[in-house]
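Chemist: This is the structure, below, for whatever I ask next.
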Amino acid sequence: MTESSIKKLASTLLDAITDKDPVVQEQVCSALCSLGEVRPVETLRTCEEYLRQHDKLAHPYRAAVLRAMERVLSSRASELDKDTASTIILLASSEMTKTKVQDLVWDWQQAASGVLVAVGRQFISKVMEELLRKLHPGTLPHCAVLHTLASLSVANAFGVVPFLPSVLSSLLPVLGMAKHDTVRVAFCSALQRFSEGALEYLANLDRAPDPTVRKDAFATDIFSAYDVLFHQWLQSREAKLRLAVVEALGPMSHLLPSERLEEQLPKLLPGILALYKKHSETFYLSKSLGQILEAAVSVGSRTLETQLDALLAALHSQICVPVESSSPLVMSNQKEVLRCFTVLACSLPDRLLAFLLPRLDTSNERTRVGTLQVVRHVINSAAAQMEDKKPFILSSMRLPLLDTNSKVKRAVVQVISAMAHHGYLEQPGGEVMIEYIVQQCALPPEQEPEKPGPSSKDPKADSVRAISVRTLYLVSTTVDRMSHVLWPYLLQFLTPVRFTGALTPLCRSLVHLAQKRQEAGADAFLIQYDAHASLPSPYAVTARLLVVSSSPYLGDGRGVAALRLLSVLHPNIHPLLGQHWETTVPLLLGYLDEHTEETLPQEEWEEKLLMFLRDTLAIVSDNAWICQLSLELCRQLPCYDETPQEKNFLYKCIGTTLGAASSKEVVRKHLQELLETARYQEEAEREGLACCFGICAISHLEDTLAQLEDFVRSEVFRKSIGILNIFKDRSENEVEKVKSALILCYGHVAARAPQELVLAKVESDILRNICQHFNTKVLGVKVETKDPALKLCLVQSVCMVSRAICSSTQAGSFHFTRKAELVAQMMEFIRAEPPDSLRTPIRKKAMLTCTYLVSVEPALDEQARADVIRGCLHSVMALLPEPEKEDGGCQKSLYLETLHALEGLLTSLLQRNMTPQGLQIMIEHLSPWIKSPRGHERARALGLSALLLRHFLEQLRVSALVPFHNLGLLVGLFSPRCADLWPATRQEAVDCVYSLLYLQLGYEGFSRDYRDDVAERLLSLKDGLVHPDPTILFHTCHSIGQIIAKRLPPDQLISLLLTMFEALGDPEKNCSRAATVMINCLLQERGGVLQEKVPEIVSVLRSKLQEAQGEHVLPAAQHSMYLLATQHCAAVVSSLLGSPLPLDSHTSMLWRALAVEPRLAAQVLGLLLEKMSRDVPFKESRAFLLGRTPDRVATLLPLSATCALFEVLSTPAAGPAVLELYPQLFVALLLRVSCTVGVQLPRNLQAQERRGASPALVTRNLEPCSSAVDTLRAVLLRSGSEDVAQRMDLEGGWELLRTSAGHEEGATRLASGPLSQGHG
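In this note's numbering, the protein residues as written are 149 to 1468.
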């Protein structure tokens, strides 16, 4: 871009600077700066011209332009030529001083001053020349000029200091003329900056332009200024001015002549200290005081010592002020006060310590914390002066070490950290400090801290424990001189229980120290235990680190730290372990990296550690070493009384170690001690002891069993029982706890012992002792135990024994004589549990035990099997699905485990009889629960059924093609549940049907991996069962019915239908509806093969209609009858004619269902006419033949057909069929009327007529002639001859037809009507 275009662009931007929107203004300034970065000279000239030409531009906009110029100059001043620089200097000077002193516009003047300072970095002479021109003798300078001179002194000390004599000579004469506080503050700021600039110049004379400059050049002028500031202005009431004076006095004190400073100190120091009481913001006071003290020390002041007491008292009170504010000035004040203490410590160390150390003995928190802060700072900043004072400082820490206040503790830890860096901990008494740090590392996390530090974002980061942990690690890893102090000293903190919380930082520090020692050589690393009697033995270290690794995520991940330390220490533990541990430990660490505390499988992790221990013992293969390790493991048992999980693991380690020991005497001795010292009241300890015995039995089965028996016979056991019996209220419970542990021991021994040995011991030793401990006898009578723990232990042990038998390779030939007795005992426990609540795991464990027991020979008899199934189902099925308790999580887990135990037991029982009959027996037991009125019971029963069916299908092995004879019955049981109110039940029902269809395919010879397209459709229909909409639900049920119809063998169809008919009365209306949908679907799809079964179907349907309550059942049954009749009309008509007379309402409705479709109605009418005409209308009794009074009795079939005709004709839909068959109907019925005049009902029907019809029967005259007349009348009404029927009604024609006397008259009247109308 050309110069003119730059100027034009810059002018355009400057014109926009007056925009009212602050955002636009800022954007314009940014654009100007960007332009200035590229073309600084043109941009700056344009800005200068703009301001010169726009003299009336308001000062906020002028300030904005000046700030933009300053930003450009800050990075591009070196590119200016002298003319441009001069122009800008003149502009800025003019802008800065346009207003009078009393009319300061600080924003504008500061912007102009900034431009001058920016130019002054490059053109200092020109700027100073312009500023000096503004200083007129005898006249107060403009405040902005003073500010600019001050800023330049800091920005370019080397450039300004040579001009200082001239500046001071102009300013000092008018200093007394400054009356306004604003001007005085400006003078103070300038004198402060002048002094700072001069000090910087004098400190860097080697780089200064004039290395001959000395302090003397400024001393007289500075003292003159000091005299005014200290004696006059410091007395001002204006706090801001006083602070400005104090700020200036600090650097000025360094330029005062030595004798003058010494002379002024007795007044200066008290004057500064007095201001502490007047000002809340004390940072500037402390900063200045530190500078004055440094100046006094630098000139070797003797006066300072006389002021020391007042100084120390004032400074100490400042450091003891609690830092509650997060203000930077408050924090900075603390630093400046500590700087003052450093100055005094370097010059007067004895006096300082004499003041500080006694204050450590006070009990006041603030005093002690503040004093500790000073001590720490002095240790760090005055190391040389404190070198010979180390013993005194160490001894003075005695009382602070006992303080329990967290703030004091934090301060103590920080002091110890400083001590470590400066060799204090190498002194006698240093170990106490190290122990203190370790104690703080062991603090529990929950005891931290009362209030977090004000500057801490994370309260835990400032806690005593967190600070101590960081300190220990830093001292161990970064302070080389501490290596020989901490190694191997820190090892002694690994085993005491009180330091458990510190294990992770201890292990990390020891790993680092050990690695350092290894690098230094083997001799430096190997521990001389003789020279360090207080150190734990290699066995103790191994035991401790291995056991704490079982809870690897506690204490900030101590498992990883402990394993790493164990690996590093291998040369000190045993020389043979190096190679194995170097490969194994990283695998263990990698396993921990893959998991978190939530995902780690605890049992699997413990097994890995035990494998690590087993391998270690095998590599060492030294009985003496192994025995020593086992002794140490036993010794550490009391250390874990408060951590049951770790103690449990320790017992497993003891068992593993004893298993590797070859000395039987040692094994038995330790086992005896364990039995004698165990805390039997603790459940975890009983379990741990039992695990120990079980693991030990892997190698020492005989000795383990013998020791258990010896203990029971021992005096110790008898005495303990005797002692407990003294306390009657406690004895029974505590004795049973001991017995519980012994029972568990036997169970674990059976579970762990070698399979080839265990069978021989099961009944003779193990079970005999288990039952002996469980069964208490008083005077020979067995007493039932009340202790649930004892019951649970028995169940667990029997379960382990049974599992051991099952897993043995010789299980098939083993005859378990006590099986039935144990099953009965387990069932007794199960039945004793409340069926509606889950309080203990007894029933779960008992069912698991039964699961293993039923798999062992001899097989249970049929009654025992049924009792087991019924008892377990009764105990579990009624349990509420989601227990509402405080320990809801544990309760839900127990609930699920109990269900799984039941599933396992039922599966195991089914496995013993893998036949269709065996499957049906299992389902029959579940059937009452499948039909339960309680939803959760149905869901559970369907879930179990689905599981059993899946198992049966998976295990199906068909050697010959055989029928699955109960398929229809089972499908009929499950399929209506597809519409259950509970969605889970619906899904399980589909799974049951799905499995049944594949079972059928299996029995038909299809392979297990065969997939049938029709059956697979069931799975896709499951989504439709989730929907609550009844329309969708029952449509899905219809589709399921179609699938069943396609895959069901013909011989199973009737059993399926009969089972479905049973479901019509289901109390769950949805299931009843689903049954009707599926029945009709089956009849529609497969009704053609049911001809022989029609009478049975009709009979069952009629009986179910009488039982069923739902209003939906009758319409569905009518439709079923209709569907059946469309395929087997004659058979349906014959079957329905077999219904007893008089017809009940349900049978009447079934007859009417046959008239809904004209073609079927015509067919039915034809068949009924045939039935009515086939037999004679009546039979004459013997009395008539003998010449007595005539006695004609109606035959049953024509009478039934007449009644059926009436029901069919009563249906409006029968109209078309009646028109079609009108002649035949009219003739046959008129003939029937004539033949039945005077005919009587059979005697059995007469008796029913006299007793009166039941409510369910149709209240219609059953008399043969009357029923025929009624039916004839119905024909006329249905055929469109209503007028004839009405005329007969009015004339009494129908009544005439019924009597012998009037029959002909009645017939005549009927014939005289227009009967042929519409009928031809």
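By construction, the Cβ of each residue, glycine as well, lies at the ideal position given by its N, Cα and C atoms. As the structure is a prediction and not an experimental result, all values here were calculated from the model.
Which residue marks the beginning of the alpha helix (DSSP H) containing V491, and which one marks its end?
Modeler: First-last of the alpha helix (DSSP H) with V491: P476 to S495.
Chemist: Out of curiosity, what's the CA-to-CA distance linking L573 and E857?
Modeler: Distance between the alpha carbons of L573 and E857 is about 57 Å.
Chemist: By the three-class DSSP mapping on this structure, what secondary structure does L157 have?
Modeler: L157: helix per DSSP, three-state reduction.
Chemist: Assign Q727 to one of three DSSP states: helix, strand, or coil.
Modeler: Q727 falls in the helix class under three-state DSSP.
Chemist: Taking all protein chains shown into account, do 16 or more other C-beta atoms lie within 10 angstroms of the C-beta of L353, making it buried, or fewer, making it exposed?
Modeler: So L353 counts as exposed.
Chemist: Return the CA-CA distance between F1326 and M1320, expressed in angstroms with no decimal places.
Modeler: Their backbone Cα atoms lie some 11 Å apart in a straight line.
Chemist: Closest to Q1103 by CA distance: which of A1132, S1143 and R1134 is it?
Modeler: Of A1132, S1143 and R1134, the residue nearest in Cα terms is S1143.
Chemist: Quick check on the burial criterion: 16 or more other C-beta atoms within 10 angstroms. Buried or exposed for E751?
Modeler: Its Cβ having fewer than 16 others within 10 Å, E751 is exposed.
Chemist: Identify which residue in Y374, V815, A826 and E835 has its Cα closest to the Cα of A854.
Modeler: Comparing Cα-Cα distances from A854 to each of Y374, V815, A826 and E835, the minimum goes to V815.
Chemist: Should the region 1407-1421 be regarded as contacting the region 1299-1319, the criterion being three or more beta carbon pairs within less than 8 Å?
Modeler: In short, these stretches do not touch, since the Cβ pair count stays below three.
Chemist: Beta-carbon within less than 7 Å of Q640's beta-carbon, same chain only, minus the 5 sequence neighbours each way: which residues are those?
Modeler: Correct list, in chain order: S682, L683 and P684.
Chemist: Would the beta-carbon of S299 fall within 8 Å of that of V265?
Modeler: Closer than 8 Å, so yes.
Chemist: Going by C-alpha distance, which of Y637, S554, Q663 and V586 is nearest V612?
Modeler: Among Y637, S554, Q663 and V586, the Cα nearest to that of V612 belongs to S554.
Chemist: I'd like the list of long-range same chain contacts for R706, defined as Cβ closer than 6 Å, with 5 residues on each side in sequence excluded.
Modeler: Once the five neighbours on either side are set aside, the close Cβ partners of R706 are L651, T652 and V696.
Chemist: For the candidate residues D457, L1173 and L849, whose alpha-carbon lies nearest to that of V897?
Modeler: For the residues D457, L1173 and L849, the minimum Cα distance to V897 belongs to L849.
Chemist: With DSSP collapsed to three states, give me the class of P597.
Modeler: Residue placement at P597 is flagged as unreliable, the pLDDT there being 45, under the threshold of 50; the coordinate-derived value follows with that caveat. It is coil, neither helix nor strand.
Chemist: Taking the straight line between their C-alpha atoms, what separation do you get for H525 and K435?
Modeler: Taking the straight line from one Cα to the other gives about 17 Å.
Chemist: Helix, strand or coil: how does DSSP classify F1122 here?
Modeler: Here F1122 sits in helix by DSSP.
Chemist: Can you tell me whether T643 is buried or exposed, with buried defined as 16 or more other CB within 10 angstroms of its CB?
Modeler: T643 should be labelled buried.
Chemist: Helix, strand or coil, according to DSSP, for A212 in the structure here?
Modeler: In the structure shown, A212 sits in a helix (DSSP, three-state: H, G or I).
Chemist: Select from H1113, E278, D1139 and N1114 the residue whose C-alpha is nearest the C-alpha of P1124.
Modeler: Selected option, being the one with the closest Cα: D1139.
Chemist: Tell me the start and end of each unbroken alpha helix (DSSP H) in the region 498-556 that is at least 4 residues and wholly inside, in chain order.
Modeler: For the region 498-556, whole alpha helix (DSSP H) runs of length 4 or above, ordered along the chain, are 513-529, 531-534 and 538-543.
Chemist: Is S657 near S624, with beta carbons less than 8 Å apart?
Modeler: Contact: yes.
Chemist: Which one of T490, V659, S1093 and P1064 has the shortest CA to CA distance from W1077?
Modeler: Of the listed residues, the one whose Cα sits closest to W1077 is S1093.
Chemist: Which of the three DSSP states, helix, strand or coil, is assigned to A444?
Modeler: Note: A444 maps to helix in three-state DSSP.
Chemist: When you compare the CB positions of A1416 and T1384, do they come within less than 8 Å of one another, or not?
Modeler: Closer than 8 Å, so yes.
Chemist: What does the alpha-carbon distance come out to for the pair T1055 and R618?
Modeler: If you take the alpha carbons of T1055 and R618, they lie about 58 Å apart.
Chemist: Would you report the Cα separation of A952 and R1082, rounded to the nearest angstrom?
Modeler: One C-alpha to the other measures close to 39 Å.
Chemist: Could you tell me which residues DSSP puts in a beta bridge with E1411?
Modeler: Looking at the DSSP assignment, E1411 forms no beta bridge with any residue, so it has no partner.
Chemist: Taking only three categories from DSSP, how would you classify E1453?
Modeler: E1453: helix per DSSP, three-state reduction.
Chemist: Within 10 angstroms of its Cβ, does D1214 collect 16 or more other Cβ (buried), or is it exposed?
Modeler: It counts as buried.
Chemist: Quickly, what does DSSP pair R987 with across the bridge? List them, please.
Modeler: None, per the DSSP bridge assignment.
Chemist: Hey, G836 and Y894 are a contact pair by Cβ (cut 8 Å); roughly how many whole angstroms apart?
Modeler: 15 Å between Cβ atoms; not a contact.
Chemist: With distance defined between alpha-carbon atoms, name the residue in K756, L456 and L347 nearest to P418.
Modeler: When each option's Cα is compared against that of P418, the closest is L456.
Chemist: Is L927 helix, strand or coil by DSSP?
Modeler: Legend: pLDDT at L927 = 35, less than 50; position of this residue unreliable, no value from coordinates given.
Chemist: Taking V1261 as part of the alpha helix (DSSP H), name the residues at either end of that continuous run.
Modeler: Where V1261 is concerned, the enclosing alpha helix (DSSP H) stretches over V1261 to Q1275.
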